[in-house]
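Quick notes on the structure that follows.
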Amino acid sequence: MTVIAVAEGDVSPGVLGFLVVAALGLALYLLVKSMNKQISKIEVPSEAELKAEMESKRRGESNDQTAESNDSDKAR
Numbered sequence: 001m002t003v004i005a006v007a008e009g010d011v012s013p014g015v016l017g018f019l020v021v022a023a024l025g026l027a028l029y030l031l032v033k034s035m036n037k038q039i040s041k042i043e044v045p046s047e048a049e050l051k052a053e054m055e056s057k058r059r060g061e062s063n064d065q066t067a068e069s070n071d072s073d074k075a076r
């Protein structure tokens, strides 16, 4: 059996070091758990909804341009 000798001047983290690391680990766990809860509340639109929105914007822009050209024709 090998016995490791520790010199009198050596310092080890001991119980306090373990408790600090354990507290940091627990805090990290709780933060990740909270982050996942917050992220799950975010509503992300589907691709179909995004495409429909883009199409409606395009139609709105083309209708605006058509209305502007009709207004300029009436002014003449």
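Positions 1 to 76 (full-length UniProt numbering) are the ones given, in order, by the sequence shown. Positions of the beta carbon are idealized from the N, C-alpha and C atoms, including for glycine. None of the values given here were measured: they were computed from a predicted structure.
Please say whether residue j and residue i have beta carbons closer to each other than 9 Å?
| i | j | result |
| --- | --- | --- |
| Pro-45 | Glu-55 | no |
Taking the alpha helix (DSSP H) that residue i falls in, what are its first and last residues?
| i | result |
| --- | --- |
| Ala-22 | 14 to 40 |
According to DSSP, is residue i part of a helix, a strand, or is it coil?
| i | result |
| --- | --- |
| residue 78 | No information on residue 78 is available, as it lies outside the stretch 1 to 76 that the chain covers here. |
| Glu-55 | helix |
| Glu-61 | helix |
| Glu-43 | coil |
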